[in-house]
Every structure is written in structure tokens, then in C-alpha cells.
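Quick notes on the structure that follows.
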Amino acid sequence: MSVSEKVAPSSSVSSSSDLDPLLKDLTEKKLSFRRNVVSLAAELKDVRHKLASQEQLFVRESQTRKVAETKAMSMEEEVSKLQKCLQEKDEQLRSSTSSTEQYLHELDDLRTQLSFTRATAEASAASAKSAQVQCLSLLKELNEKDCSLKEHELRVNKLGEQLDLLQKDLQERELSQRQLKDEVIRIETDIMDAVAKAGSKSEKDNELLKILSDVSPRNVQNLNNLLNAKDTEIARLREEIRILSAHWTNKTKELESQVHPISFIHKIPSEFGYKCYFPTVLNRCLFT
1 MSVSEKVAPS SSVSSSSDLD PLLKDLTEKK LSFRRNVVSL AAELKDVRHK LASQEQLFVR
61 ESQTRKVAET KAMSMEEEVS KLQKCLQEKD EQLRSSTSST EQYLHELDDL RTQLSFTRAT
121 AEASAASAKS AQVQCLSLLK ELNEKDCSLK EHELRVNKLG EQLDLLQKDL QERELSQRQL
181 KDEVIRIETD IMDAVAKAGS KSEKDNELLK ILSDVSPRNV QNLNNLLNAK DTEIARLREE
241 IRILSAHWTN KTKELESQVH PISFIHKIPS EFGYKCYFPT VLNRCLFT
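Per the UniProt record's numbering, the sequence shown runs over residues 1 to 288.
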């Protein structure tokens, strides 16, 4: 039954009992009570509605809180991971910093070595330039020595030819002297044998023997003098040959000693672009 249906009978009752104040008061209280009940019901309904709304809000808040807690836990885990990663990065950064410091130290060492190497290279370049100048000077001196060696070689060859001619002439003279001496002795022997075989004691034969006996000693003496002179000349020629041989040997040794002090040129690096060579020194003997 609705509230309007309940109010209609109450109106008829109040009109019939106007004279009864207690009933009227009761009716009013009843009506007031009903109005209060209706109001309370409305309020209760409103409260229930609000409570339902609050419950829904609480559920949503609870769900939101759970989601937030889940997100917070996830964020905490993520933060923990990030902290761990940050620590690792920090360690890597420290290691990288240490490596960088080491590399910087090594770089400083390399720069120092590079400076030293540059200084050494500059000194080496100066030494190489000085060596180049010395090499050019030595090459010039070597060319001069080479020309001098060639000139001395020509002189030595001429001296050798002269010595060959002198030896050949000396040998021919010795052979001629021996042949002449043998021929004179043979002729004298033949004459003496012929005279002895003739056995004649004539005056002419005696004179001939006397002449032969006089001439033969003189011839022998003259021949001996001639041979002595030839021996002296031969000895003089031998002495000249010995002196020329000694002079030629000394010249050869002197030229070789002049070549040896510059024999280190072959050690000069090929990058200087020099071609070093040595002249062939005459080192032979024409006489034994």
C-alpha cells in the first residue's frame, strides 16, 4: 500500500473524531511517525545507495590500490634492477676510468718515446747527412786513388817490361861471354895442338910458339879483364834489377795501404744511392 492510500482513510477518521483530542494527537503522532519512517526509508535508501557507491568506490580503490601495489612492486623490482645495473655501470665506469688513466699514462709514455724517437731520428738524419757528405768526399778520394792506382799500374807495367828487357839482355850477355870464352879457349887449344903435332923446330915455328906463348897470356889476361868487366856490369845490372824490384814492391804495398783506409765504404747503406767499388790492385811479381 502506498503512502497516499494510507493517508486517505486517516483523513476520514480525523474528520469523524475531531472531538477526541487524544486520538487526534495520536493520529498526528502516527502521521508524523509515518512521515519519519518514510523519511528514514528514503534516507536509508539514500544511505544504502551511498553505501553501495562507497562499496563500489572502495572496490575500485582496492583494485586501484592492488594495481598500484603491483605497479609499485614492479617499479621496486625495476628500481632494484636499475640500481643493480647502475652499480654494474658504475663498476664498468670505474674500470673504464682506470683503463683510461692507464691508457693516458701509456699515451704519455708513447709521446715521450715519440719525442725521443724524433730527436733520435733528427740526430740520425744529421748523422746520415754528415755521412753522406763524408761518403761523397771518400768517393771522390777513392776515384782519385783509383786514377793514381791506374797510373802507378802503368808505371809498374813499364818497369816490369824494362826489367824483362834487362834480364833478357843480361842473359844474352852472359851467354855471349860464355860462348866467347869457350871459343877463345877452343881456338888456343886448337893452335897449340896443331903446333905440337907439326913437331917442326924451325925458326918460324919457334917464333910462332914464342908469339903464341906471349900472346896467349895477354889474350887470357885481356879476356879475363873483359870478363871481369862484364861480370861487374852484370853485377851492376843485377843490383839495378834488385833495386827496381824492391822499389816496385814498395810501391805496390804503398798503394794497397792507401786503399785499405777507405775500405769501409761498402758498409754504407744502399738507400744513400751510392755505388761503391774498389779498383783492382796489381799484386803480382814478374821476378822470382
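From the three backbone atoms N, C-alpha and C, an ideal C-beta is built for every residue, glycine too.
As the structure is a prediction and not an experimental result, all values here were calculated from the model.
Rounded to the nearest whole angstrom, the C-alpha separation of Lys251 and Ile243 is 12 angstroms. Put simply, the segment 118–130 does not touch the segment 221–236. Fewer than three CB pairs are less than 8 angstroms apart. The three-state reading of DSSP puts Asp109 in helix, counting H, G and I together. Closest by C-alpha distance to Lys168, out of Arg238, Ser257, Val37, Leu31, is Arg238.
In this structure, the CA atom of Ala52 is about 39 angstroms from the CA atom of Asp25.
Distance from the CA of Arg35 to the CA of Lys45, rounded to the nearest whole angstrom, comes to 15 angstroms. Between Asn157 and Glu141, the alpha-carbon positions lie close to 24 angstroms from each other. Around the CB of Leu149, 16 or more other CB atoms lie within 10 Å, so the residue is classed as buried. The DSSP-derived three-state label of Asp20 is coil. Burial is judged here by how many other beta carbons sit within 10 angstroms of a residue's own beta carbon; Cys135 has at least 16 and is buried. The Cβ atoms of Ile234 and Leu163 do not sit closer than 8 angstroms to each other. With contacts defined as CB atoms closer than 8 angstroms, Lys230 and Gln177 qualify as a contacting pair.
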